[in-house]
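If you count by the numbering used here, then the sequence shown holds residues 12 to 972, one letter each, in order.
We put the beta carbon where it would ideally sit given N, CA and C, even for glycine.
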Amino acid sequence: MDRFLRAFSTFVIRNRIALLVVIILITAFFGWQCTRLTVNNDMDTWLPERDRTAELIRQADRDFSSNDILFCIVEFDEGVFTAESLGLIREITRGIEGVGGVFNVTSLTNIIDIRKTEDGIEVGELVQTIPSNPRQIDELREYVFSKETYRNTIVSPDSRYTAVLINIENSVDAVRVAEKIFRVVEQRAPDHPHYFGGNPAIIFFMNFYMMDDTRRLVPVILVVVSIVMALGLRSVTGIVLPLCMVVFSITITFGLMPLFGFSANILSPPVAVLLIALGTDYAVHYYNHYRKQQDATRSTSEITVPVTMSALTTIAGLLTFSTTKIEVLNNFGLELAWGLGVAWVMSLVLMAIIVSFFRVKPVEEEEKKARTYLFTRAMEKLAAWIHDHAKPVLAVIGIVVAFMAYGITRITTEIDFIGQLPGDSPPRVGCNILVDHFSGMYAFNAYLRGDIADPAVMNRMNYLENYLRSEKDLAGFTSINALVAQENWLLNGVYAIPETRQGVSNLWFLLEGQEVLKTFVTPEKDKALVNSLARESATTGLRALAGRFEEFLAANVSGEILTVDPALLGDEGKRALQDIRIGEAARQIAWLAGYYDRQASIDGSLLAGRLAEGIAGLDERVDMERVWQDLRQYLDEETVEVLPPQAVDRMLALVRGHWAMRPGPDVRPALERAAIESGAMGAEDAAVTADGLIGRFDSSLRLQRATAMARSFDDLLGPALEKDEDFGKRFRGLLWELLSDRPVLFSKQAASVAGLERAVVARSKVKVDQAGMPETIRVVHRLLIRSQIQSLALAIGIVFLMVSLANRSLRRGLASMFTVLAPLICILGFMGIMHIPLDMGTVLCGSLIVGLGIDGSIHFVYYYHRIHAGGIPKKKALQLTMAHVGRAVVTANGTTLAGFIVLLFSNTTAVKNFAKVNSTALFLVTLAVLILLPALVSVLHLDGAGESDQGAGERKEGLAA
């Protein structure tokens with residue numbers, strides 16, 4: 012090995028000019044490559060490729076651009092409802108609509124509006140023309156606040172803020188589109204405060220603050236590192252040379268990134284800063300050793316092994332991040348590992364080349380000068396004291412480590428993307444406004460794949476939406492099923508999905524051409540979202556939200572929806588099915604009651620009991636006069652041809668006489684004859700009229716039965732819910748569904764019904780999953796925990812193996828690892844005790860500290876073993892090691908610590924937490940190398956059981972140098 016190292020150092024010195032030219036050319040090439048580097052802080056791209064949940068999230072985003080929603084909030088001191096404000100909102104809306112890549116803009120002026128008219132319903136924009144007088148403005152205000160789809164969605168309750176929701180195509184660069192939108196808003200509303208929210212805004216400003224970090228922090232760290240090295244090495248050359256190594260390393264590292272398709276991200280500034288701090292370590296150790304030897308060839312051959320081991324162990328620790336499935340962490344480890352690899356090579360090759368040109372000072376002069384340094388004397392005294400008190404020192408350290416280990420159990424996680432930005436940044440301010448005055452910012456969706464136009468599928472979509480309303484932190488619901496149900500409410504007085512495909516198609520047809528449909532249903536009608544917005548932004552709340560929905564889906568939802576005919580069941584099956592239907596209706600009523608009155612707390616079992624009582628003897632409580640009035644209106648106004656009064660009376664009498672048996676086959680021919688004999692229509696029109704009359708009777712009777720049932724709940728619901736029209740229409744719609752003779756259920760819900768198979772009249776296939784930010788955070792949380800455990804375990808194992816093999820001693824390997832593990836346990840415990848969360852920054856601390864912290868212990872053990880094996884007594888060898896290696900360790904770790912401290916001034920929270928934890932950890936590692944490791948060396952026999960103070964008896968010459 013020694014022969015190889017001498018040959019290597021000789022080769023470098025002999026070919027120094029050629030090697031220098033090659034290094035400069037390579038660096039110049041990668042410097043040009045740096046100009047091709049792109050930026051990507053899109054959280055979706057950080058998720059793993061082959062993770063099912065992550066793929067579902069991405070698929071939902073591809074289908075609906077569900078994660079590329081940009082919110083623009085405009086503030087009006089005079090309020091939103093003025094002609095000037097409404098005109099400005101329309102101008103902003105049209106300006107944003109003209110931006111390429113935007114496929115839907117929803118604002119107060121153009122949001123979809125479904126109104127009842129004399130001829131039926133009309134679907135259009137909310138504000139067709141800007142109101143011109145106070146009365147019209149007041150009417151608009153009252154109308155907007157009467158609709159739950161508008162209030163807290165596009166206008167705040169105090170009318171001070173309005174929100175514009177912008178959907179950006181998934182196929183374009185959302186950040187570039189967002190930047191154009193920012194300019195549009197700034198140009199049109201320069202005098203009105205405006206804010207932004209949503210993923211595109213977060214990513215845009217994350218990119219901005221990342222570049223700002225790079226511009227501010229890199230020059231600062233260069234200055235700070237220079238000061239630290241000046242204090243440690245007391246040499247201008249010792250400052251300039253390591254910094255030269257770093258410049259080469261950073262240039263090559265960032266130049267390599269575009270070649271491999273890597274983009275800069277939120278952790279790129281830490282990569283640059285850490286390359287400055289860490290990249291100087293190897294050069295500092297080389298230069299420190301060179302000052303002793305004053306010979307480039309000899310210095311290179313002697314320092315190659317410890318520097319190589321330091322580099323390889325650090326690189327190994329960083330490469331363990333390749334096991335994580337979070338791309339940003341994976342890339343961080345690879346980029347920093349590559350950069351340190353370059354710094355390692357440069358420290359051995361380029362440093363040797365440069366110092367070989369210098370004039371060599373006399374060794375005696377350097378050593379004599381070193382002896383006068385206060386630091387050297389302090390290190391020698393500390394080493395002697397630790398040698399004499401090694402066991403008490405180890406005992407105290409053991410107690411401290413055991414105490415800190417308790418804190419590990421209290422570590423929490425935090426993946427708050429918006430929380431990464433400064434508190435006064437536009438997205439943070441916008442997020443606060445959206446949470447405090449609107450429905451929230453983070454999308455949370457039920458993602459369905461199947462025949463969305465199938466009434467059974469849409470029925471279950473309503474069921475899922477009702478469940479989501481039970482979550483107190485969700486609001487801002489939008490879906491195709493809600494629009495169809497609202498149309499049905501306006502046309503037929505029932506807030507529910509029509510039970511026939513034709514009924515759904517007729518209502519859907521009225522919505523065709525509305526751009527907003529693209530945000531929750533595909534043109535092929537095979538995929539859909541039930542959209543909501545989460546007011547919560549903290550990781551714990553969002554993760555719990557996603558967890559509860561997953562549990563709900565697992566317990567209640569299956570891949571098949573059944574339409575059942577209860578008449579085909581036996582008595583036992585009918586009773587079981589009825590109990591299930593009543594129970595499900597009671598649950599949904601309780602969910603809705605809790606949503607519309609957060610103070611309400613209604614027992615589901617009490618509701619179920621009241622429903623069962625209400626169904627029994629229901630027909631006696633039905634107001635049949637309303638039914639007959641409805642049928643007369645149909646015959647008077649809605650038939651194909653106008654019927655004479657006598658025919659109308661005759662047909663009504665036929666229905667009245669048979670209503671208890673429900674008009675069926677026996678009544679139909681009589682109704683047709685009555686219509687034909689009136690002379691007003693032929694046989695074909697008469698058949699249509701008879702069918703329509705029977706259908707109207709069934710729907711009107713069912714509606715009145717639902718109304719009668721609803722009256723029996725007045726004492727349970729309370730005054731707030733009684734007055735709430737939105738709750739009332741949904742509540743009566745649920746009762747209407749309960750009275751259906753063709754109930755719709757997920758197969759899992761009806762699995763316990765005896766004889767179910769023979770009663771199933773239709774089956775609908777569907778897949779239901781969740782998508783949106785809460786589920787994204789849950790995935791990232793799971794991967795963060797796994798990444799921490801995997802990378803830390805791998806780093807410890809790999810580094811321990813490498814150190815033990817390199818030193819050919821298990822004891823020396825253990826001593827080195829203990830020096831790192833003790834501060835590692837302390838810093839993890841510190842995180843738990845101080846409530847510092849495990850996030851995108853702090854998750855890096857474990858394996859990073861293992862890799863970085865082992866450097867000093869490697870140099871310490873290597874130097875100590877070399878001089879002690881040469882015959883120098885243990886205590887003296889320990890003093891010499893502390894004096895020589897201690898300076899390099901303090902200087903090297905000081906530069907790294909300085910880098911971490913500079914990162915505390917980053918704009919982003921993750922980087923600040925990363926710096927806070929790692930700076931503390933590195934400080935502890937330095938103390939461990941200077942205190943714990945000497946104590947371990949004093950107690951353990953690192954050179955074998957026969958180790959003595961006289962060493963191994965080898966020659967002493969030159970070894971102490």
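Span separating the alpha-carbon of residue i from that of residue j
| i | j | result |
| --- | --- | --- |
| Pro269 | Leu756 | 53 Å |
| Pro10 | Gln525 | Outside the modelled stretch of the chain, which goes from 12 to 972, sits residue 10, for which no answer is possible. |
| Pro754 | Pro577 | 8 Å |
| His10 | Ile419 | Summary: the structure shown does not reach residue 10, with the chain confined to residues 12 through 972, and so no result is reported for it. |
| Leu347 | Asn470 | 53 Å |
| Ile100 | Asp53 | 29 Å |
| Thr225 | His448 | 35 Å |
| Ser157 | Ile613 | 25 Å |
| Ala697 | Val666 | 15 Å |
| Val790 | Thr335 | 12 Å |
| Met143 | Ala189 | The residue asked about is misnamed: residue 143 is Ser in this sequence, not Met. Rounded to the nearest angstrom, the two C-alpha atoms are 33 Å apart. |
| Leu16 | Val316 | 9 Å |
| Glu547 | Ala212 | 18 Å |
| Glu649 | Arg707 | 11 Å |
| Ala770 | Ile426 | 48 Å |
In DSSP terms, what residue i is bridged to
| i | result |
| --- | --- |
| Gly208 | Phe82 |
| Tyr293 | Looking at the DSSP assignment, Tyr293 forms no beta bridge with any residue, so it has no partner. |
| Gly1 | The displayed coordinates of the chain run from 12 to 972. Any statement about residue 1 would go beyond what the structure contains. |
| Phe455 | Ser543 and Gly783 |
| Val10 | With the chain running from 12 to 972 in the structure shown, residue 10 is simply not present. |
| Thr424 | Leu849 |
Cβ neighbours of residue i in the same chain (closer than 7 Å, five flanking residues each side left out)
| i | result |
| --- | --- |
| Leu745 | Ala596, Gln599 and Ile600 |
| Thr104 | Val116, Ser118, Thr120, Asn121 and Val175 |
| Asn181 | Asp72, Arg73, Ser76 and Asp79 |
| Leu629 | Arg716, Ala719 and Met720 |
| Ser167 | His448 and Phe449 |
Buried or exposed by the 16-neighbour rule on C-beta atoms within 10 Å, applied to residue i
| i | result |
| --- | --- |
| Thr853 | buried |
| Asp292 | buried |
| Gly135 | exposed |
| Gln431 | buried |
| Glu662 | What sits at residue 662 in the sequence shown is Met, not Glu. Classification of Met662: buried, given that the 10 Å Cβ count is 16 or more. |
| Ile8 | Absent from the structure is residue 8, since the part of the chain shown begins at 12 and ends at 972. |
| Glu631 | exposed |
| Val371 | Note that Val371 has pLDDT 44, beneath the 50 cutoff, so the model's placement of it is unreliable and the number below is only indicative. Result: exposed. |
| Gly281 | Note on identity: in this sequence residue 281 is Pro, with Gly being the wrong assignment. Pro281 comes out buried. |
| Ser20 | buried |
| Gln890 | buried |
| Ala664 | exposed |
| Asn26 | exposed |
| Ser516 | exposed |
Sequence-distant residues of the same chain with beta carbon closer than 8 Å to residue i, five excluded per side
| i | result |
| --- | --- |
| Pro834 | Ile860, Gly864, Ala932, Leu935, Val936, Leu938 and Ala939 |
| Ser260 | Leu286, Gly290, Gly350, Leu351, Val353, Ala354 and Met357 |
| Ile687 | Gly693, Ala694 and Ala697 |
| Met222 | Val50 |
Residues near residue i by beta carbon distance below 6 Å, same chain, minus five either side
| i | result |
| --- | --- |
| Lys585 | Pro577 |
| Thr383 | Residue placement at Thr383 cannot be trusted, given a pLDDT of 48 that sits under 50; the coordinates are not used to answer. |
| Arg743 | Ala717 and Ala721 |
| Pro433 | Asn918 |
| Leu794 | Lys336 and Ile337 |
| Glu133 | Arg126 |
| Gly106 | Val195 and Arg199 |
Would you call the segment 786 to 801 and the segment 474 to 486 touching, i.e. three or more CB-CB distances under 8 Å? no
Counting beta carbon pairs with one atom in the segment 234 to 253 and one in the segment 900 to 918, are three or more of them shorter than 8 Å? These segments touch.
- Task: Answer yes if the segment 486 to 500 comes into contact with the segment 160 to 174, meaning at least three C-beta pairs across the two stretches below 8 Å, and no otherwise.
- Result: yes
**Report entry** Three-pair Cβ contact test at 8 Å for the segment 450 to 467 versus the segment 781 to 795
**Finding:** Touching, yes, given that three or more Cβ pairs across the two stretches are closer than 8 Å.
**OP:** Would you check if there are 3 or more beta carbon pairs closer than 8 Å linking the segment 34 to 48 to the segment 310 to 329?
**Re:** no
- Counting Cβ pairs closer than 8 Å, one from the segment 558 to 565 and one from the segment 501 to 520, do we hit at least three? no
Inter-stretch contact at 8 Å, needing at least 3 Cβ pairs: the segment 811 to 830 / the segment 399 to 419 = no
Open item on the list: Below 8 Å, how does it come out for the segment 385 to 396 and the segment 921 to 928: are there three or more Cβ pairs, yes or no?
Closed with: Flag = no, the segment 385 to 396 and the segment 921 to 928 do not touch.
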